[in-house]
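Protein chains in written order, with this note's numbering: chain A, 1 to 361; chain B, 1001 to 1588.
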Amino acid sequence: MSNIVLEKVSRKFGDFAAVSGVDLRVGEGEFVTLLGPSGCGKTTTLRMVAGLEQNTGGRISIGGRVVSDAERGLFVPAEHRALGMVFQSYAIWPHMTVFDNVAYPLRVRRVGRVDIRQRVLEALKLVEMADYADRPAPALSGGQQQRVAIARALVFEPALLLLDEPLSNLDARLRAQMGSEFRALQKRLGITSLYVTHDQEEAMALSDRVVVMQAGRVLQIGAPEEIYQRPASRDVASFFGSPNLLPATVVNCARLDDADFALSVRGSGWEGTCRAGEARAEGAKVLVMVRPESVRLADGANQASSVLSGRVVQSSFHGARRALTVEVNGNLMRAEVPATTPLGEQVTLTIDERAAWALSA
Amino acid sequence: MTVSADDRLQDANRPALGARLSGTARWLQATSASRVAGLTLLVAVLAFLSVYPLSMLLYGSLHSTPPGMAGTFNLDGYRDILTRENLITLLNTVGISLAKTVPSLALAVLLAWILARTDTPCRGALEVLVTLPFFIPPILTAMAWGMLGNPQVGLLNQLYQGITGSSTAPINVYSYGGVVWHMMQYAVPFLFLLIVDAFRAMDPSLEEAARMCGASRLRTFRTITLQLMLPALTSGAILSFIRGIENFESPLFFGSPAGIHVITTDIYDSINQRSPPQYQYATAVSFVIMALLFLIVLLQWRLLRGRSFTTVSGKGYSPGVTKLGKWRWVTFAFCVLFFVITVVLPVGQLLIGSFFKFFGFYQWDMLTLEHYQAVFGSSEFWRGFGNTMLLGLVGASATMVLGGLVAYISVRTKWRGRSLIDAMAWLPWMMPGIVLGVGFLWGFALLPHAIPIYGTIWALLLAYISLGTPLSVRVMSSAFSQLSFDIEECSRVHGASWLQTMWRIVIALSWPSFAVGWVLLFFGIMRELSASVLLYSIGSEVLSVVLLKLWVNGNAEQVSVIGLMMMVMVILFRWVQLSFIKKHINTL
């Protein structure tokens, strides 16, 4: 009942297309994150689902009901969509107590007084804020406001929850804690959630699936692992961390059992193998993506598929890990190695085949 | 052992302490004498401008004879206040001010909502037009409405009679309604300017959250938007109420002819219209109105303490704009209508009035330019014009410098006595112009004969500076408190002296506020009537006094001509203000 379907959804502001042709299906109980840099159209997409923004093209359905269809001129305003939403600024009303804030959706729905009391306290218990019910809202800390905002969004038991960068105003420690707490709550209630963030770690840690957006378009939709390890394009790859992108030429291409392809490639001063999601012609130019943490220092024991030698130009200590910049044939390569590894000026780096992913150059 | 240990400790401390002491001492030596002298001078000036007239009010209210004459001290002035007539005067004052505040607030909220939160066309231009009435001297619109709404020959009644053919005159501006109506033309833009930023700056997600909770637009406006605005609305309403009580022009023009008296006109009448003038009574009444205002200010503090909500978020969408569809032309028309009624009608009346031989008789063969010739040939007009310009330029500049000094000391230093200075500068805020006029009347008369201020243009200048100081301090305080201390300290660290820092950093960064304050003060001086009318004498008339004298003599046609001149000046200054210091307009 509570799935979301976006079909060719677009939003234009004058000549500027903030969102163009977004297709997305969010299944029941699923936690899907819209991820992208600021201005990529993720918040506009969320607001169109919420009904706070009207789409200029395409169709949005929620729970099998069409709520907005640009061609037919159909538009159900926000207050009739019955969705829960948590705002970036939390939007806790400062002129009300915590209780009144959470009770608001129920009062709008003319729920009886006794019922309101019971349901509000239940919702506050859910976010561990029951003791704060009578506090005036301005007396809350950021994390507490966040909890109240979630309680308010859940109290009328919406089928769907929308969250617009809800953690971005919290400090780093609280952010991680609130994130995992919220994910646990979401799983327990089984509530379908659409979540917007620009923080890729947050997106990966919380979501069932991630939608990577850029310039109003969807670049890739997939599970966090898939998007991280098997990005569809260079843009998606660069969005997560800072991977090494090594230019190379395809020497050989072989189909593997799991529908992937194994490539032999030759770069400037190195040769090796990598994986690809599609067949590549011999002689084709590719970029081999290698994450810094996948780069190993050669110790003679492991069987590596690619071996590169170079000179350490920069080394910085990060506690558990050491970050290296290595010059390989005039190209700089980043590597993260265990901090205890002894280092010379000249190093040999190895890369496993499964950790190297070919992208179109 | 312990003794020697202590000794060593002291030894260790001594050089540091000594260095600090000598540093402080050097700093004191260098700055102390000039600073103490400067502060003393500033306190003396402020005392003369605020504490002196205030204490003179107390003195005068107990003194049995007019200023400067030998007399005895008694309570006759206060005893005379306790009459039935004065109870009616008090009720009139409070009632009229309430009657204009409430509808003005409703209108201002509506206008603020239209111009800040809807997609009404040309909102920028409309905002300029809607706030324009606030800058027109009230004496001009008062005279224009006196002509427009005159029950015998008023243009509006003539129009009505011409259209309906009846001989009744439905509009009589000389009534309670007229007084309230005229005050509203100033209260609406005043309140609008006070609350529009609160509307504009509100975090839109506060309202969107309510929509997501299922509340309709109307419910959202009622339970969220309006509730969040409540502190701003309350403080605006109280300010407007205070201004209503202080108002002089509206009751003078429309109340007094109809026998409706308020406290300010009562003070004026008992000095200017009664023979012999009842100074003691007028001064006692002045003292009472100040006490009344003081109570209201106390009430305001109590009401608003801790009740302002921070609804502004750092980031976010521009405030939620309501799409009105076809209705946006209705809201557009509403704003235009407001402008037409409050500006076009009165200015149009002045224009028409200036070209016809007699006010009220509008026929083609009555067209004439003789009023223009009369005005331009009149030495009284040019003297008034010159005086107003001189007082405006000198007064606004002096007031801003004084306000800037006070603001700097109270905001940017930790000098002792700075709160005393701040309080003294704030004191005139509680004195309506006419009350301050009475206070200075006594003050100037009691000065030694070697200082002949009374009867000169200096009397007006001092009164204007006093009246304007609270505003200038407020404008400059907000400018200074926005500058971070780091900026100033950084300049010092980089080797600039205190004076260089002031000149290159503090003044360089705060001059836009200075300019905004200057223009506001200039407007204030140009429109000032209630203190001027008590303090002027032959030779030191200002334009507003010249206008009033002409009006009282029944010369509405020349009044129209001078009024038009002043209107041109107002629009010119407003245009300069808007186009050159546009981004600082909100500091009003």
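C-beta: ideal position from N, C-alpha, C; glycine also.
Predicted, not measured: the structure shown is a model, and the values here were computed from it.
Could you check which residue in B:Ser1544, B:Pro1053, B:Leu1572 and B:Tyr1059 has the C-alpha nearest to that of Gln1280 (chain B)? One-based indexing of the second sequence puts residue 1280 (chain B) at position 280. Nearest option by C-alpha distance: B:Tyr1059.
Could you name the residues of the same chain whose beta carbon sits closer than 6 Å to that of Ala123 (chain A), not counting the 5 residues immediately before and after it, in chain order? Taking the first sequence and counting its residues from 1, one reaches residue 123 (chain A) at position 123. In chain order, Val102, Ala151, Leu154 and Val155 place their CB closer than 6 Å to the CB of Ala123 (chain A), counting only its own chain and leaving out the 5 sequence neighbours on each side.
Check for me: the beta strand (DSSP E) holding Asp69 (chain A) runs from which residue to which? Your numbering for residue 69 (chain A) matches position 69 in the first sequence. Where Asp69 (chain A) is concerned, the enclosing beta strand (DSSP E) stretches over Arg65 to Asp69.
Would the stretch 1231-1245 of chain B count as touching the stretch 113-127 of chain A if we require 3 or more Cβ pairs under 8 Å? In the pairwise beta carbon analysis, the stretch 1231-1245 of chain B is classified as not touching the stretch 113-127 of chain A: fewer than three pairs are separated by under 8 Å.
At least one CB of chain B closer than 8 Å to the CB of Glu174 (chain A): is that the case? Working through the first sequence from its first residue, we reach residue 174 (chain A) at position 174. With the sequence shown as reference, residue 174 (chain A) is identified as Leu, and Glu is not the correct amino acid for it. It does not; no Cβ of chain B falls within 8 Å.
Going along chain B in order, which residues have a C-beta closer than 8 Å to the C-beta of Ala78 (chain A)? For the purposes of this step, residue 78 (chain A) is identified with residue 78 of the first sequence, where counting begins at 1. Those within 8 Å of Ala78 (chain A) in chain B are Glu1208, Arg1211 and Met1212.
Check whether chain B comes within 8 Å of Ala91 (chain A), counting only Cβ atoms and requiring the distance to be less than that. Numbered from its first residue, the first sequence carries residue 91 (chain A) at position 91. Closer than 8 Å to some Cβ of chain B, the Cβ of Ala91 (chain A) qualifies, so yes.
Is His386 (chain A) helix, strand or coil when you go by DSSP? This structure cannot speak to residue 386 (chain A), because chain A is shown only from 1 to 361.
Which residues mark the beginning and the end of the alpha helix (DSSP H) in which Ser1397 (chain B) is found? Translated into positions along the second sequence, residue 1397 (chain B) becomes position 397. Bounds of the alpha helix (DSSP H) holding Ser1397 (chain B) are Ser1379 to Arg1412.
Using the C-alpha atoms, what's the distance from Thr44 (chain A) back to Leu163 (chain A)? Position 163 of the first sequence holds residue 163 (chain A). Position 44 of the first sequence holds residue 44 (chain A). When only Cα atoms are considered, Leu163 (chain A) and Thr44 (chain A) end up about 12 Å apart.
Looking at chain A, which residues of the stretch 1224-1235 of chain B have a Cβ within less than 8 Å of any of its Cβ atoms? If the cut-off is 8 Å between Cβ atoms, the stretch 1224-1235 of chain B has Ile1224, Gln1227, Leu1228 and Leu1230 near chain A.
What I want to know is whether the C-beta of Thr1164 (chain B) ends up closer than 7 Å to one or more non-hydrogen atoms of the ligand SAH. As for the ligand SAH, it is missing from this structure, which has no ligand bound.
Suppose the cutoff is 7 Å on Cβ atoms and the five residues either side in sequence are ignored; what does the same chain contact list for Ala1108 (chain B) look like? Locating residue 1108 (chain B) in the second sequence gives position 108, where the first residue counts as 1. Contacts found: Val1188, Leu1191, Phe1192 and Ile1195.
Closer than 6 Å by C-beta to Pro1151 (chain B): which residues in its own chain qualify, once you throw out the five before and the five after it? Chain order, please. As a first step, residue 1151 (chain B) must be located in the second sequence, where it is residue number 151. Same-chain partners within the cutoff: Ala1169 and Asn1172.
Can you check DSSP and say which residues form a bridge with Asp164 (chain A)? Start at 1 with the first residue of the first sequence, and residue 164 (chain A) comes out as number 164. As computed with DSSP, Asp164 (chain A) is found in a beta bridge with A:Val196.
Using DSSP's beta-bridge definition, name the partner residues of Ala17 (chain A). Locating residue 17 (chain A) in the first sequence gives position 17, counting from the first residue. Ala17 (chain A) pairs with A:Lys12.
Rounded C-beta distance between Ile1245 (chain B) and Thr1093 (chain B)? I'm assuming under 8 Å. The count along the second sequence starts at 1 and reaches residue 1245 (chain B) at position 245. The count along the second sequence starts at 1 and reaches residue 1093 (chain B) at position 93. Indeed they touch by this definition, with Cβ atoms about 6 Å apart.
Quick check on Asp1203 (chain B) - is its C-beta less than 8 Å from some C-beta in chain A? Counting from one through the second sequence, the residue named residue 1203 (chain B) turns up at place 203. Closer than 8 Å: yes.
With a threshold of 8 Å between beta-carbons, can Arg1219 (chain B) be considered close to chain A, or not? Taking the second sequence and counting its residues from 1, one reaches residue 1219 (chain B) at position 219. Output row for Arg1219 (chain B): interface = yes.
Close beta carbons around Gly14 (chain A), own chain, < 8 Å, minus the five adjacent residues each side: Taking the first sequence and counting its residues from 1, the one referred to as residue 14 (chain A) is at position 14. Within the same chain, no Cβ atom closer than 8 Å to the Cβ of Gly14 (chain A) is found once the five residues on either side in sequence are excluded.
Phe31 (chain A) CB to nearest chain B CB: under 8 Å? By 1-based counting over the first sequence, the position of residue 31 (chain A) is 31. So, not an interface residue.
Residue of A:Ala176, A:Leu167, A:Glu225 and A:Leu219 minimising C-alpha distance to His198 (chain A): Numbered from its first residue, the first sequence carries residue 198 (chain A) at position 198. Nearest in C-alpha terms to His198 (chain A), of all of A:Ala176, A:Leu167, A:Glu225 and A:Leu219, is A:Leu167.
Put His1261 (chain B) into one of helix, strand or coil per three-state DSSP. Along the second sequence, read from residue 1 onward, the residue named residue 1261 (chain B) stands at position 261. DSSP places His1261 (chain B) in the coil class of the three-state scheme, outside both helix and strand.
Between which residues of its own chain and Phe1485 (chain B) is the CB-CB distance below 8 Å, once the five residues before and five after are set aside? Along the second sequence, one-based indexing puts residue 1485 (chain B) at 485. Cβ within range, chain order: Arg1412.
Give the secondary structure of Asn1086 (chain B) by DSSP, where H, G and I count as helix, E and B as strand, and everything else as coil. The count along the second sequence starts at 1 and reaches residue 1086 (chain B) at position 86. Helix.
Please compile the residues from chain B whose C-beta is within a distance smaller than 9 Å of the C-beta of Arg228 (chain A). The sequence position of residue 228 (chain A) within the first sequence is 228, counting from 1. The sequence shown places Tyr at residue 228 (chain A), not Arg. Listed along the chain, the chain B residues whose CB falls inside 9 Å of the CB of Tyr228 (chain A) amount to none; the nearest CB is some 28 Å away.
Short Cβ contact (8 Å threshold) for Thr192 (chain A) with Ala159 (chain A): Along the first sequence, read from residue 1 onward, the residue named residue 192 (chain A) stands at position 192. Along the first sequence, read from residue 1 onward, the residue named residue 159 (chain A) stands at position 159. At a Cβ-Cβ threshold of 8 Å, Thr192 (chain A) and Ala159 (chain A) count as neighbours.
Within 10 angstroms of the Cβ of Ser294 (chain A), are there 16 or more other Cβ atoms? Answer buried if so, exposed if not. The residue given as residue 294 (chain A) occupies position 294 in the first sequence. The C-beta of Ser294 (chain A) has 16 or more other C-beta atoms within 10 Å across all chains shown, which makes the residue buried.
Chain-order list of residues whose beta-carbon lies under 8 Å from that of Asn1157 (chain B) (same chain, five-residue window excluded): Within the second sequence, the letter at position 157 stands for residue 1157 (chain B). Scanning its chain for C-beta atoms nearer than 8 Å, with the 5 sequence neighbours on each side dropped, one finds around Asn1157 (chain B) the residues Gly1149, Asn1150, Pro1151, Ala1169, Pro1170 and Ile1171, in chain order.
Which residue comes first and which comes last in the beta strand (DSSP E) that contains Ile60 (chain A)? What you label residue 60 (chain A) is simply residue 60 of the first sequence in a count that begins at 1. First-last of the beta strand (DSSP E) with Ile60 (chain A): Gly57 to Ile62.
Cβ shell of Cys1122 (chain B) (< 8 Å), same chain only, five flanking positions each side left out: Taking the second sequence and counting its residues from 1, one reaches residue 1122 (chain B) at position 122. Closer than 8 Å at Cβ, skipping near neighbours: Phe1332.
Output the boundary residues of the alpha helix (DSSP H) element that contains Val1519 (chain B). Working through the second sequence from its first residue, we reach residue 1519 (chain B) at position 519. Ile1507 to Arg1527 is the extent of the alpha helix (DSSP H) around Val1519 (chain B).
Would you report the Cα separation of Ala91 (chain A) and Pro77 (chain A), rounded to the nearest angstrom? The residue given as residue 91 (chain A) occupies position 91 in the first sequence. The residue given as residue 77 (chain A) occupies position 77 in the first sequence. Inter-residue distance for Ala91 (chain A) and Pro77 (chain A) is about 19 Å (C-alpha atoms, whole angstroms).
Contact the stretch 1413-1422 of chain B vs the stretch 1049-1056 of chain B: 3+ CB pairs below 8 Å: No: fewer than three Cβ pairs fall under 8 Å.
Going by beta carbon distance, what residues of the same chain come within less than 6 Å of Leu1350 (chain B), once the five residues before and after it are set aside? Your numbering for residue 1350 (chain B) matches position 350 in the second sequence. Excluding positions up to five away in sequence, the list reads Ala1144, Ser1560, Gly1563 and Leu1564.
What is the DSSP secondary structure of Lys1357 (chain B), reduced to helix, strand or coil? Your numbering for residue 1357 (chain B) matches position 357 in the second sequence. In this structure, Lys1357 (chain B) counts as coil in the three-state DSSP scheme.
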